[in-house]
Amino acid sequence: MWTDPISLAVGATVLTWVCTAIGAAGVFITPRFSRSMLSALLAVSAGVMVVAGVGSLWIPAATLFDGGPLPGWLTASAVAALGGAAALWARRALAGHDPATGRRKLG
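For what it's worth, my numbering labels the leading residue of the sequence shown as 58, then goes sequentially.
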């Protein structure tokens, strides 16, 4: 039953939809969130994103770069660090930029 790729894709889609719906339902049943609850939710979401990034991006990249002159983990880490540096540079370069007018905000 669960060997057909279409069934697996539909099952995974439904599972992620149900998990997202359950997580979002907390907004409707909780009138207010405390600061500690928001911090805990932010920590969980950051952890999920780290696991997703490592599992779907870094490990395959390290495996792909294994045949090169440097160890695959080192090459993948260097590329990830360069990407992080580029994101920080773009954030700093665009800080204060108003997309509506195309000019820098003063002040």
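Ideal Cβ positions, reconstructed from N, Cα and C, are used throughout, including at glycine.
Bear in mind that the values here come from a model prediction, so they are computed numbers and not experimental data.
Across the structure, residue 100 and residue 62 are spaced so that their CA atoms are roughly 33 Å apart.
Residue 153 is positioned such that its CB atom lies no closer than 7 Å to that of residue 160.
Where residue 144 is concerned, the enclosing alpha helix (DSSP H) starts and stops at 129 to 151.
For residue 74, the enclosing alpha helix (DSSP H) begins and ends at 62 to 86.
With 16 or more other Cβ atoms from the protein chains shown falling within 10 Å of its own Cβ, residue 122 counts as buried.
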